[in-house]
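Reading through the structure tokens given below for one structure.
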Amino acid sequence: MTDSTVTIEVDGRELQAKAGAMLIEVTDAAGIRIPRFCYHKKLSISANCRMCLVEVEKVPKPLPACATPVNEGMKVYTRSPRALAAQKGTMEFLLINHPLDCPICDQGGECELQDVAIGYGQDVSRYSEGKRVVADKNIGPLIATDMTRCIHCTRCVRFGDEIAGIREMGSTGRGEHTVIGTYIEKSIDSELSGNIIDLCPVGALTSKPFRFNARAWELTQVEAVAPHDSLGSNVNLHLRNNKVMRVHPRDNESINESWISDRDRFSYEGLYSSDRLTVPMIKKNGEWKEVSWEMALEMAAASFSEIKEPDQLGALLSPTATLEELYLAQKLMRGLGCDNIDSRLRQGDFRTDANQTHANWLGMKISEVDTLTSALVVGCNLRKEQPILGHRLRKAALAGASVHTISPLQLELNYKSQQSLCTPADMVGRLAAVAKAAGVKASGSVASFLNAAAVDEFAQNTAESLKRSDSSVVMLGALAQSHPDYSLLYALASGLADVSGARLSIVPSAANTVGAQLAGAVPHLHAGGQSADRKGLDALSMLKLPRKGYLLLGVEPGMDFWNGALSQSALQSADTVVALSAYRSPELEACTDILLPIALYTETSGTYVNAEGNWQQCRGAVKPLGEARPAWKVLRVLGNLMNQQGFEYTDPQQINDELRALCGDISLDNKITEPASFEPTLSVDGLQRVGDTPLYATDPLVRRAKALQLTKDAGEAAIRLHPQEAIRQGLESAQHALIKQNGYQANLPLALDESIPEGCVWISTGLRDTSMLGQPFGEVTVEKA
Amino acid sequence: MANEVCLRTLDLERPWLLEQYQSRGGYAMLKKILTEKMAPEAIIEEVKKSGLRGRGGAGFPTGLKWSFISRNAPGQKYVVCNSDEGEPGTFKDRDILRYNPHQLIEGMIIAGYAIGATRGYNYIRGEFWEPYERFEQALEDARNAGFLGENLLGSGFDFELHAHLGAGAYICGEETALLESIEGKKGQPRYKPPFPAHFGLYGRPTIINNTESLASIPMIMEKGGEWFADIGVKNSGGSKLFSISGNINNPGVFEIPMGTPFSELLAMAGGMKEGHKIKAVIPGGSSAPVIPGEQMMELNMDYDSIAGAGSMLGSGAVIVLDESNCMVKILERMSYFYHEESCGQCTPCREGTGWLYRVVHRIETGQGRQEDLDLLDDVASKISGKTICALGDAAAMPVQGMLRHYRDEFQYHIDHKRCMTGVG
Amino acid sequence: MTTTIEKDKTELFTAEIRAEIDRWIAKYPTEWKQSAVMGALMVVQDNNDGWLSTQLMDQVAAYLDMPSIAVYEVATFYSMYELKPVGKHKICVCTNVSCMTNKSDVIVEHIEKKLGIGFGQVTEDGRFSLKEVECLGACGGAPMMQIGKQYYENLTPEIVDAILEGLE
Ligand SMILES: Cc1cc2nc3c(=O)[nH]c(=O)nc-3n(C[C@H](O)[C@H](O)[C@H](O)COP(=O)(O)O)c2cc1C
Ligand code: SF4
Ligand code: FES
């Protein structure tokens, strides 16, 4: 196929087009609307619906515009009598077996079939036989089906195959009896599954949580940015009566293309969780009391003022908070003379902070992930951490990129990969082997790891692939970042990236992980992203060396911390804990003294800086629930009450401008200076815990999204062991077991799972039932319950 | 001049055996081609000269089809044989598989040599278990004799051939559905272009031909394209297998020169049963529009002659019907078939074939309405030419044919709620 | 050590069945194991009294590294796969035009009466099931039927009786 341009004529209009492009792409770009059901710009062409038939001069039969390549001089008629007759014919066929239930159909008002049908106005049906009825199967908590309405366009099937990368939907049977579905009762488990709701042109696949809640024409639409992963997927909020009714993707080719993850789509349910905190509350003699905002704020300011040494304070901030909130929180703390500020709550090793001069980031443009040709992915389940990035890496893999992983959990990847599965302690050695094979030279303890590393086939292949590729990356994901020897992994990855010419990617985990660093919500960087001369305590040190007073923003003790048990005990022992939170939960109530209700992402204006450093702003779409207020306003008042300078904002834009100016043209950079000698801290003895954070346990909002919590990706609080390991532990037939970690313990259900290496036990974090345990890695024992 | 090509060994005892086939010069042509390293272009030229047109139904010139493949393009290419034989009325390829499998194998190897393909598959319909086993045996014997495998007869040319077994789906006779089926999927036709010559089996350049087409190749090469062409008539080279069935005394497969009068074929097949009068003939498999008996008796069995009468020679499946048949019932059964066998992917065929069947069924059972005949015509025309593959056309054509010639019988059914012939 | 978890396939099917499936796999390019799905389903069906359960389809999927749904699609598309139990002898009678005009209805009626079952049904003793099929490419021998893998042509009620009696 050539890149040459051809001239064609459509309905008398002359159009320029790339030779070989499909006619429908050309007419779409020119704003000429040809009806279609099966065609979708992001999916392969199937040409099965026959709705887009048009007349082409000198061709006896009508041709499908979606599957007809343009060529020079082609003359097309999209609305000629012959074209219209063909389109009407298809429409009539589609309708003979389609139920006439538009009044009760959730798709009503936004149904592509309805829209086109109205345009063709076939009034009386000439089909007098009984209509086809299709029995429905339950396909899980997210998607409602009404397959009698299905028009067999196969978009959902192709989506699974081509985009989600798991074939779950299919078309079984033949002819008129063809049924689109899962065939057996089976839930759809893709992290991107909700997109088939948007793809379905009729009401066959609709949102289960949204079902029957509103009609399309009652909704208004407001733009927003999704607040979970670090992409900042562009979304539209659909509102009715000041309430978010559902969330849809907004096309942004360079970020989320046409898709959003299920987390971004369905987390809105958490906005209306029954434990939303709607009034300020204080704890007096162990009793919680509702108080006025005035009183709560004054008490908060007073109790912080009572702590005379500023170093005895600490701020633990959620990386999903807005940029403005994070900036004000650190401004307040630094203003008080306290540098103990952190938002990297799931990190456990901060030794490289000293070597870092810039904010960490993805290390490349999001869209560049598509064009990688080689990747080494360390401690990272990209698909279940950052679903759209996972999709992009899959695209690269399908285009031929070789993907190598080092992970303590077998990854269910939907493309070919070379996986090196190992215990957490071995991860360092494995990475060192790759680095060694690539020729990394280093000093200190990194050097001793390099010396000790045994270069195996995996290491050799990976090193060669990274070096050969002109677009490669070494990625450190969530599991690497929460590794007790993260600094070793970081140093090795950095060296490896250097010698192999690969990019280094520190995959930001949350919506504002990058923003938090720019805002100064880390102890080692000032607002503006510059290296701080006076470094405060990091998130873990603040808990290990308990402070007298803590400020919490948008976090929940136990669930949002590297060491859940430690977070709870440290907070409980403090004199004062003030939490800005959208929720009340037993953990918060046990650990805090003052609860200040704040707005969630749909209720406040703010900025998110995504993985590639893109500042995306959005406006509050709905009023905060109850008496909740945007956190930036709460922090502004606290600043004023505590006599801080520069807290006179009237609009978050002013905060944004201020920070922008501080940032100047600072760049994001994952480079570190020559690291000092890091000693490994993770012991290699005993049974090792692997603690990931499940996809739907990452932040307080998503943890409250009911439907998501019913899916497989919600994770379960269980002890998962390799069957061989279970035998070794004498637990092969046990239903429950007792897990002990550093003096903490929990009784949890036991599950056998071949995706964990022997010698390890997989217990997720971020879940209420595991929040009393310690850090995600380290020695544990399991015994009969 | 009967039985000169595909059935030329039929008179032998156990003609399917390798030594029997070789006793009639079988595989000699292959040997010659390989040892003399005949130019592939010369083979294609010979096939073009023969006037051989695809015997699977569409009648596309075989030599021309082969010339579409760029022989020297790098990478794997395939030769695929279509032994799906599903068009109602057709039962000739079964006889080739049962009685002359080696000639097909030899033809496929030559085809592979001509287009530079080193692998082939023969897609045999799933119900043909016995022919499948016989073909597999033939493959093994050919392999042992050095006709299949690597470096055939020291020529440096490799060719491997396997049989794929279907599992019951008429649509897999459609060439791209067949390819999908070999790839382990549902047999759903692909949208064309691209054609198999560019994007075929496993996405590679592929030629796909009917069993009879491929089995004709060794004789064309042995006796020359001209010889073959001269057997038949203009535009219809060679002899052809006709599967003739219906209300006749001696149904079966007859290999006769193209252009033979239908009346002669009918006589060979023993004439009408029980002295009944011929009513109608479906001349080329069930999708070919019906031709009234008297008209048919004047026609010759070649492409142009049958096309001239508004039908088509198709796969050479001739169904002869006597006057005891109710044409409404015949059409009802045929419409039921297309409705059953639609693959279901494209809208007009999936929805339209069922609609056609239901309307004909309604008429047949005395529930017909006045407007139904126009409705049938209209629905048929909305299917034909609008579908991904030709099954849609195949479903529409018999309806149009029946209404053209036997509209009065349908009208009678509607008016009297019963059959004119008193049968149905 | 690099661990790649190759699923253990020896727990699927018997060694004989696996060998038969492997013969199908060997016919196709190595990266196209899926091509063997039709053959594999037939082998498995033949070894399971003539029908396929969902569990067996899942096993075929596992054996060929295919998504289960892709196997269901194939199994539900082709008419020779049975997704419900059938009789020990599956009688398939063609009723398409050539057979119809040669009185296949008489044959069908005869079998229905004799066995007391209609199309899609199985005799109580599980010995026979009856199925209407489309043209089987043996119209020269109309009316005809297929039982198991065998064709029977030029049928009359008497011939049908003899055939059925000859079956175990
Ligand atoms: C619905 C349908 C069914 C077909 N069935 C067969 C068949 O059973 N056997 C066959 O050889 N060709 C069949 N064909 C024709 C094939 O698509 C293809 O044209 C043929 O195999 C090419 O071989 P030929 O050129 O040698 O005829 C069918 C076509 C359609 C549309
Ligand atoms: S015409 Fe029928 S058989 Fe052919 S692709 Fe369309 S639905 Fe399938
Ligand atoms: S959009 Fe072209 S056939 Fe469906």
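Chains as they are written, first to last, in the numbering used here: chain A, 260 to 1044; chain B, 19 to 442; chain C, 7 to 174.
C-beta: ideal position from N, C-alpha, C; glycine also.
These numbers come from a predicted model, not from an experiment.
Residues of its chain near residue 881(A), where Cβ-Cβ distance is below 7 angstroms and the 5 sequence neighbours each way are ignored:
Only residues of its own chain outside the window of five on either side were considered, and among them 498, 501, 502, 503, 861, 862 have a CB closer than 7 angstroms to the CB of residue 881(A), listed in chain order.
Of the residues 537(A), 291(A), 358(A), the one placed nearest residue 839(A), counting alpha carbons only:
537(A)
Does the Cβ of residue 578(A) lie closer than 6 angstroms to at least one heavy atom of ligand 3?
no
With DSSP run on the structure shown, which of helix, strand or coil describes residue 763(A)?
strand
Applying a beta-carbon distance threshold of less than 8 angstroms, which residues of chain E neighbour residue 418(A)?
The structure shown contains no chain E; its protein chains are A, B and C.
Got a sec: is the Cβ-Cβ distance from residue 338(A) to anything in chain C below 7 angstroms?
no
To the nearest angstrom, how far is the alpha carbon of residue 988(A) from that of residue 978(A)?
Their backbone Cα atoms lie some 12 angstroms apart in a straight line.
Is residue 642(A) near ligand 1, in the sense that its beta carbon is under 6 angstroms from a heavy atom of that ligand?
no
Member of 232(B), 394(B), 312(B) whose CA lies at the smallest distance from the CA of residue 413(B)
394(B)
Name the one or two DSSP bridge partners that residue 790(A) has.
784(A)
Hey, could you find the ends of the beta strand (DSSP E) residue 812(A) is sitting in?
Looking at the DSSP string, the run of the beta strand (DSSP E) that includes residue 812(A) is 808-812.
Using 8 angstroms as the Cβ pair cut-off and three pairs as the minimum, do the region 88-106 of chain B and the region 123-142 of chain B touch?
yes
Could you give the residue range of the alpha helix (DSSP H) that holds residue 355(B)?
From DSSP, the alpha helix (DSSP H) with residue 355(B) extends over 345-359.
Measuring from the CB of residue 211(B), is there a heavy atom of ligand 3 at a distance below 6 angstroms?
No, Cβ of residue 211(B) sits at least 6 angstroms from all heavy atoms of ligand 3.
Beta-carbon neighbours of residue 102(C), restricted to chain B and to distances below 7 angstroms
106, 351, 355
So that I know if they touch, is there some Cβ in chain B lying closer than 7 angstroms to that of residue 655(A)?
no
Residues in the region 307-338 of chain A having any Cβ partner in chain B nearer than 7 angstroms:
307, 308, 309, 312, 320, 321, 326
Return no unless some Cβ of chain A is closer than 7 angstroms to the Cβ of residue 368(B).
yes
In whole angstroms, what separates the C-alpha of residue 491(A) from that of residue 79(B)?
58 angstroms
Would a check of beta-carbon distances place residue 431(A) closer than 7 angstroms to chain C?
yes
Counting only runs of 3+ residues fully inside the region 719-770 of chain A, write out the beta strand (DSSP E) ranges in chain order.
731-735, 762-765
Just checking residue 310(A) against ligand 3 - is the residue's beta carbon closer than 6 angstroms to any of the ligand's heavy atoms?
Yes - ligand 3 has a heavy atom lying nearer than 6 angstroms to the Cβ of residue 310(A).
Would the beta-carbon of residue 267(B) be found less than 6 angstroms away from any heavy atom of ligand 1?
no
Express the C-alpha separation of residue 528(A) and residue 507(A) in angstroms, rounding to a whole number.
13 angstroms
Between residue 314(B) and residue 301(B), which are expected to be in contact by the criterion C-beta below 8 angstroms, what is the C-beta distance as a whole number of angstroms?
About 7 angstroms; that satisfies the 8 angstroms criterion.
Per DSSP, cross-strand counterpart(s) of residue 493(A)
For residue 493(A), the beta-bridge partners assigned by DSSP are 484(A).
Name the residues in the region 374-394 of chain B whose C-beta lies less than 7 angstroms from a C-beta of chain A; which are they?
376, 393
Report yes if the C-beta of residue 102(B) is less than 6 angstroms from at least one heavy atom of ligand 1; otherwise report no.
yes
Neighbour list for residue 142(C) in chain B, Cβ cutoff strictly below 7 angstroms
145
Just to confirm before moving on: does the CB-CB distance between residue 306(B) and residue 332(B) stay below 7 angstroms?
yes
Under 7 angstroms between C-beta atoms of residue 453(A) and residue 806(A):
A distance of 7 angstroms or more separates the beta carbons of residue 453(A) and residue 806(A).
What is the DSSP secondary structure of residue 103(C), counted as helix, strand or coil?
helix
I'd like the ranges of any alpha helix (DSSP H) spanning at least 4 consecutive residues and lying wholly in the region 551-636 of chain A.
552-565, 582-595
How about residue 426(A) and residue 419(A): are their beta carbons less than 7 angstroms apart?
yes
Shorter than 7 angstroms from the beta carbon of residue 134(C) to some beta carbon of chain B?
no
Neighbourhood of residue 240(B) by C-beta, 6 angstroms cutoff - its chain only, sequence neighbours within 5 removed
Answer for residue 240(B): 47, listed in chain order.
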